[in-house]
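Student: Below is a structure I'd like to ask you about.
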Amino acid sequence: MAIVKPFRCVRPAAELAARVAALPYDVYNSGEAREEVEREPLSFLRIDRAEVNFGPEISSSDPCVYEKAAELLRTAESDGTYLTESVPCFFLYELTMDGRSQTGVVGCAGVDDYRTGVIRKHENTRADKEEDRVRHVDTCDAQTGPIFLAYRTCGPVQEVIRQVKKEKPLYDFVSPDGIGHRVWRIEEQERLRVIEEGFGTLPSLYIADGHHRAASAVRAALLRREAQPDYTGEEPFNYFLSVLFCEEELRIMDYNRVLRDLNGLTPGQILERLEEKFRVIGCGKKQVRPQAKGEMGLYLDGSWYHLTVREEFGMDDPVEGLDVAFLQREVLEPIFGIKDPRTDSRIDFVGGIRGLSELERRCHEDMAAAFAMYPTGIGELFAVADAGKLMPPKSTWFEPKLRSGLFIHPLSDEARPGGAWVRGSERVYEKIAQTSRFAVTRK
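Written out as structure tokens, the structure reads:
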């Protein structure tokens, strides 16, 4: 069963939360991160992407970058930008986009639950991306970016959420991109107990977004266990910062495909090939937004087409039955010659947040065709993870994105700031470099 615990959160002062909160570090490249920090000097990107504090000649993986992140975090705690809760708490984090809200519980999930498969994943991770966050976490002695977890409906937890949201929030602001953010603190012992016990009845939690952050948190914990072989399992480093959302509240958006060329075929030949697997209806200039699983939109040669998978080609397999898997298997590889979408430069991916007009724009500028997808369902994500399988790349796009900097999970028990700070060391960095990843077992 799942373990989710309250924690002593390090968080921004209420009047500064809106300025500190930042989109996840991996949403930006270094140039974009620099521009954002110039716009807002208190942005957490100054810590999350600490290379912005140096000239472009300094690599983002230079040890001085991680040291700078730790220094800035300690300074922010010392000067009152950040406060530390005196007791372990849960928090609620509500995000509102386009009039639709979703509320998650902020707490700490167990490293061992990840290792045994209680926390289930649906994506592979890259060692190089893990190493960056391991070094950041270890040197800062804190997890600064939450993992986005999903869970099946749990009545007691939902009831606490309903009650707490009637109260005055701790934070309440709208970020520059128009997303509303509200946060409530939960410190009453009875509510803490209900939430912890409620999650304890769930056999599984699911990583919706943040696979690299989760894998990095686990690796950082295992490094500390190695350095502290008498660990009890209760130390903060045995848990990682998470925001947990009920399946009923989550919104997955479409993740669309754009193709650079037609693989030597004419538009007419493409449509002829597609008719072997789809019912194809021409829609002219009218944009096609798929309304159900098995439907796709195609923008080709200045016109839209509505595609519906023919019934005889449907599959029940949790992975092969996904629309994105069908498209890759039956269209992208055999018709367009794209065998590996992870590495082929002839394909690009466009998140649904950008809209169908972005697909048209790309086709008018640098692409030849676009496929608009129906969003992968949360039930499909659960089914793939429950089967111990992996989704095709770029299967899910979650909006709105969790902000970093609102919740920080310290990994040591020492008083903050000014207490003993477990610092990253060259020995640890060498260990990170030697281990592409730690073995993960699944039940």
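Under the numbering used here, the sequence shown has 256 at position 254, and the numbering climbs by one with no breaks. Even for Gly, the Cβ is constructed at its ideal location relative to N, Cα and C.
1) List the residues that DSSP assigns as beta-bridge partners of K7.
2) Can at least three beta-carbon pairs, one atom from the stretch 90 to 103 and one from the stretch 118 to 125, be found at a separation below 8 Å?
3) Between which two residues does the alpha helix (DSSP H) holding R187 run?
4) Residues in the same chain with beta-carbon distance under 8 Å from L194, minus the five sequence neighbours each way, listed in chain order, please.
5) What's the gap between the Cα of V333 and the Cα of D318?
6) Who are the near neighbours of K279 in its chain, counting only those whose CB is closer than 7 Å to its CB and skipping five residues on each side?
7) Quick one: give me the first and last residue of the beta strand (DSSP E) that T310 is part of.
8) Within 10 angstroms of its Cβ, does I283 collect 16 or more other Cβ (buried), or is it exposed?
9) So what does DSSP say about R128, is it helix, strand or coil?
10) Grab me the residues of K288's own chain with a C-beta within less than 7 Å of its C-beta, minus the 5 sequence neighbours each way, in chain order.
11) Does the stretch 397 to 407 come within contact of the stretch 225 to 233, defined as at least 3 CB pairs closer than 8 Å?
12) Buried or exposed for H213, please, with buried defined as at least 16 other CB atoms from any protein chain shown within 10 angstroms of its CB.
13) Tell me where the alpha helix (DSSP H) around Y68 begins and ends.
14) So V326 and T378 are supposed to be a Cβ contact under 8 Å. How far apart are they, rounded?
15) Can you check DSSP and say which residues form a bridge with Y233?
16) So, under 8 Å CB-CB, K403 and V29 are touching, yes? Tell me the CB distance rounded to an integer number of Å.
17) For V113, count the other beta carbons within 10 Å of its own beta carbon; 16 or more makes it buried, fewer makes it exposed. Which is it?
18) So, at 6 Å on beta carbons, what are the nonlocal neighbours of K167 in its own chain, with the 5 sequence-adjacent residues on each side left out?
19) Taking the beta carbon of P178 as the centre, do at least 16 other beta carbons fall within 10 Å, making it buried, or is it exposed?
20) So what does DSSP say about I283, is it helix, strand or coil?
21) From Q191 to N55, what distance separates their C-alpha atoms?
22) Would you call V430 buried or exposed, if buried means 16 or more other Cβ atoms sit within 10 Å of its Cβ?
23) Starting from R175, follow the alpha helix (DSSP H) in both directions and report where the run begins and ends.
24) Which same chain residues end up closer than 6 Å to V220 when comparing Cβ atoms and leaving out the 5 residues on each side of it in sequence?
25) When DSSP labels each residue in this structure, what does S45 get in the three-state scheme?
26) Under 7 Å: does the beta carbon of M298 sit that close to some heavy atom of the ligand MN?
27) May I ask you to report which of helix, strand or coil DSSP gives A15?
28) Tell me, to the nearest whole angstrom, how far the beta carbon of R13 is from that of L408; I am working on the premise that it is less than 8 Å.
29) Taking only the alpha-carbon atoms, compute the straight-line gap between D211 and T268 and give it to the nearest angstrom.
30) Please classify N31 as buried or exposed, where buried requires at least 16 neighbouring CB atoms within 10 angstroms.
31) From what residue to what residue does the beta strand (DSSP E) around L97 run?
32) Would you please state the rounded distance, in angstroms, between the beta carbons of I181 and I380? I believe it to be under 8 Å.
33) What is the DSSP secondary structure of F56, counted as helix, strand or coil?
34) With distances taken between CB atoms, is the gap from E96 to T86 smaller than 8 Å?
35) Which residue wins for smallest C-alpha separation from A111, given the options D130, T77 and L204?
36) Exposed or buried, what is S427 when buried is set at 16 or more other beta-carbons lying within 10 Å of its beta-carbon?
Tutor: In short, the structure shows the following:
1) C110
2) The stretch 90 to 103, when compared against the stretch 118 to 125, does not touch it at the 8 Å Cβ threshold.
3) Membership of R187 in any alpha helix (DSSP H) is not indicated; the residue belongs instead to the beta strand (DSSP E) covering G182 to I188.
4) Once the five neighbours on either side are set aside, the close Cβ partners of L194 are P8, P90, C91, F92 and I188.
5) Roughly 19 Å separates the two Cα atoms.
6) Within the same chain, V311, R312, F315 and E332 come within 7 Å of K279 by CB-CB distance, once the 5 residues on both sides are set aside.
7) S305 to V311
8) exposed
9) coil
10) W306
11) No: fewer than three Cβ pairs fall under 8 Å.
12) buried
13) P65 to S80
14) The distance from the Cβ of V326 to that of T378 is about 7 Å, consistent with a contact at the 8 Å cut-off.
15) Looking at the DSSP assignment, Y233 forms no beta bridge with any residue, so it has no partner.
16) 7 Å
17) buried
18) none
19) exposed
20) strand
21) 42 Å
22) With a pLDDT of 42 at V430, under the threshold of 50, the modelled position of this residue cannot be trusted; read the value that follows with caution. So V430 ends up on the buried side.
23) Here the sequence assigns Phe to residue 175, which means Arg is not the residue at that position. Premise fails: F175 lies in the beta strand (DSSP E), Y173 to V176, not in any alpha helix (DSSP H).
24) V113 and Y116
25) In the structure shown, S45 falls within a coil segment according to DSSP collapsed to helix, strand and coil.
26) Within the structure as shown, the ligand MN is missing, as the structure has no ligands at all.
27) In this structure, A15 counts as coil in the three-state DSSP scheme.
28) 6 Å
29) Their backbone Cα atoms lie some 38 Å apart in a straight line.
30) With fewer than 16 other Cβ atoms within 10 Å, it is exposed.
31) F92 to M99
32) Contact doesn't hold; Cβ gap of about 20 Å is too wide.
33) If DSSP states are grouped into helix, strand and coil, F56 belongs with coil.
34) no
35) L204
36) The predicted position of S427 is uncertain, since its pLDDT is 38 and thus under 50; a value taken from the coordinates is nonetheless stated next. Exposed, since its Cβ has fewer than 16 Cβ neighbours within 10 Å.
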